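Visitor: Structure provided below as structure tokens; questions to follow.
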Amino acid sequence: MPVAVTRTTLQGMTHFPPPAEELRLIDQELRQLDSRRAQLLHRRAWLITALQRAARTAAGPVPPAPPRPDASPPRVQNVLLVLGGVLLTIAAMAFTLVSWGHLGIAGRALVLGGVTLAVLAVPVALLKRGLRSTAESVAGLGLALTVLDAYALREAALPGVDAAGYTAVASALLAVLWAAYGLLPYASALRLPLPAALVAAQLPLMLGAVAAGLDVFWLTAAVLVTAGLDAGVALRAPARSVRITAVCGAGVLGTWGVAAAGWLSWTATGPGTAARAAVLLLFAAAVALAAARRERAGRQAGLAVVAGLLTVAALGGTARSALPGAWTVPGYLACGIALLAAVRVRRLPERVRRGLALASAVVQGTALLWTLPLVGLALLGPVAGVERVWSGAPAGLREALSADAVWPAHAQTVPVVLGAVAAVLFLAVRDAARRPAALSGALVLVWATALVLPPVLDVPYTAGLVALAV
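When the count follows this note's numbering, it moves up by one through the sequence shown with no breaks and lands on 489 for the last residue.
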């Protein structure tokens, strides 16, 4: 087309069909596109199916998965050996107690002694041949036979001996015997004798205290000493099975002993009795602290918290026996605040110091819970007295606040507790991140102290209202 053709001429030559015709053409084009798209999708699906069929043909048939066995042969062997050992132990017990009566208890004791020696020698030979599971099962049977030997010995030669005393001595001897057997050069690979010796070692001190007719203090001391020995074994034993057994023994006996010592401290009627209970609690605290200093990092803080709380219970219980009843909570609180001095000892690990600080916080929080009844009474008492506004003014503020409620016991020391915790928050918390929250808490406690001080002092009603309003 010549370049000189004008724009007006080109616009006049352009053909624009009518709207109806243009709509018909567009619909026709869309139908053609839809038909073509359907053809392409059908072809695509056929090509995918053909490629998958070709890939399976080239790979060949997939072999079936082998059936999974129900249990491995060593596991089945171990189960059968354990069951066999249990059955043999039951048979030995029946033999000792009821069977072969014509032999008498002395004859049965001699037979059992010989069988026990033979059975204890078998695991050594089995270990040399690599039959460890069988050796463990036979060793368990041998240990059970030694218990039956101890029973047969008492029935045959020592029928009049006190049962508790004999059991204490027998358990101590069995613990030594089993430990020596487990430490033999050829039997050291056995896992059962050393944990069994540790279990037997839990009994001598406690049963000895029972046999001697000692009081609760000495029985609790025996329990705590046994728990302390368990803790020492748990920290030093190289075998995992021995450590687990020692931790279980220390946890169970330690909890029992601490509960008994705490009960002795709380029910003590004089400084002497409270001091004896404090010795037990301080011993338990020393064991927990020693374990915290040597334990893995994940448990140091928890053991340090336990040690701190036990120390507070010991010292606070001693102070409680010498102070009036109103000063019981402040006495425990003072001991809890004193724990913060240990936080400054740099020789202690960081987690131990953090645990002691947490123990102090627990004591202070518990003391604050004790103050809540009086704080609530001072805060809500005026609201309850609105209905008596026309009945005349009471003589004192305490009478006005406690007209519809019981005045808390030993409330005269509540301001001391609130003020002491406020002082700790203001003086002891130096961390920049926690300082604002500590100052806010101290301000709230100062306000609570000012709130409860007028009713505690039982100021005149008018002066008390002015003080509360201020």
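Where a beta carbon is used, it is the ideal one built from N, C-alpha and C, also for glycine.
Everything numeric in this text was worked out from a predicted model, so none of it was measured.
For Gly-179, name the three-state secondary structure that DSSP assigns.
Guide: Gly-179 falls in the coil class under three-state DSSP.
Visitor: Under 9 Å between the Cβ atoms of Leu-209 and Pro-290?
Guide: No. Outside cutoff.
Visitor: Below 8 Å, how does it come out for the stretch 174 to 190 and the stretch 211 to 225: are there three or more Cβ pairs, yes or no?
Guide: Enough Cβ pairs lie closer than 8 Å, so yes.
Visitor: To the nearest angstrom, how far is it from the Cα of Thr-286 to the Cα of Gly-184?
Guide: Roughly 30 Å separates the two Cα atoms.
Visitor: What do you get for Trp-466, buried or exposed, if any count of 16 or more other CB atoms within 10 angstroms of its CB means buried?
Guide: Trp-466 should be labelled exposed.
Visitor: Counting C-beta neighbours from all protein chains within 10 Å, is the total for Phe-35 16 or more, i.e. buried, or is it exposed?
Guide: Exposed, by the Cβ-count rule.
Visitor: Could you give the distance in angstroms between the alpha-carbon of Gly-133 and the alpha-carbon of Ala-198?
Guide: Taking the straight line joining both Cα atoms gives about 20 Å.
Visitor: With distances taken Cα to Cα, identify the nearest neighbour of His-429 among Pro-204, Gly-384, Pro-343 and Val-306.
Guide: Comparing Cα positions, the closest option is Pro-343.
Visitor: Applying the 10 Å Cβ sphere with the 16-neighbour rule, what's the burial state of Tyr-205?
Guide: By the 10 Å Cβ count, Tyr-205 comes out exposed.
Visitor: In angstroms, rounded to a whole number, what distance separates the CA positions of Glu-174 and Gln-383?
Guide: Each residue's Cα considered, the two are about 58 Å apart.
Visitor: Please go through the same chain and pick out, in chain order, the residues whose beta-carbon is closer than 6 Å to the beta-carbon of Asp-450, but skip the five residues on each side of it.
Guide: Hits under 6 Å: none found.
Visitor: When the Cα of Ala-228 is compared with those of Val-244, Ala-332, Ala-452 and Thr-337, which residue comes out closest?
Guide: Taking only the C-alpha atoms, the option nearest Ala-228 is Val-244.
Visitor: Given a cut-off of 9 Å, decide if Ala-293 and Ala-341 are closer than it, judged by their beta-carbon atoms.
Guide: Yes; because the gap between Cβ atoms is below 9 Å, this pair is in contact.
Visitor: For a test of the three-state rule: what should DSSP assign to Val-425, helix, strand or coil?
Guide: Reduced to three states, the DSSP call for Val-425 is coil.
Visitor: Could you spell out where the alpha helix (DSSP H) holding Asp-249 opens and where it closes?
Guide: Asp-249 -> alpha helix (DSSP H) spans 235 to 255.
Visitor: Since Ala-240 and Leu-299 should fall inside the 8 Å C-beta cutoff, what is the C-beta to C-beta distance between them, to a whole number of angstroms?
Guide: That belief holds up - the Cβ atoms of Ala-240 and Leu-299 are roughly 6 Å apart, short of 8 Å.
Visitor: Determine the contact status of Ala-176 and Leu-238, defining contact as a CB-CB distance below 9 Å.
Guide: Result no, Cβ atoms of Ala-176 and Leu-238 do not sit closer than 9 Å.
Visitor: CA-CA distance, Leu-272 and Leu-458?
Guide: Looking at the two C-alpha atoms, the distance is approximately 42 Å.
Visitor: When DSSP labels each residue in this structure, what does Val-331 get in the three-state scheme?
Guide: Helix.
Visitor: In the DSSP assignment, the alpha helix (DSSP H) including Ser-260 goes from what residue to what residue?
Guide: From DSSP, the alpha helix (DSSP H) with Ser-260 extends over 259 to 285.
Visitor: Identify whether Ala-171 lies in helix, strand or coil by the three-state DSSP scheme.
Guide: Ala-171: helix per DSSP, three-state reduction.
Visitor: With DSSP as the reference, label Arg-370 as helix, strand or coil.
Guide: In this structure, Arg-370 counts as helix in the three-state DSSP scheme.
Visitor: Taking DSSP as the reference, what is the three-state secondary structure of Ala-456?
Guide: Three-state result, Ala-456: helix.
Visitor: So Ala-498 packs on Leu-329, CB below 8 Å; how close in whole Å?
Guide: Summary: the structure shown does not reach residue 498, with the chain confined to residues 20 through 489, and so no result is reported for it.
Visitor: State yes or no: is the C-beta of Ala-437 within less than 9 Å of the C-beta of Leu-359?
Guide: Per the sequence presented here, residue 437 reads as Leu, with Ala not at that position. Not in contact: Leu-437 and Leu-359 (Cβ atoms no closer than 9 Å).
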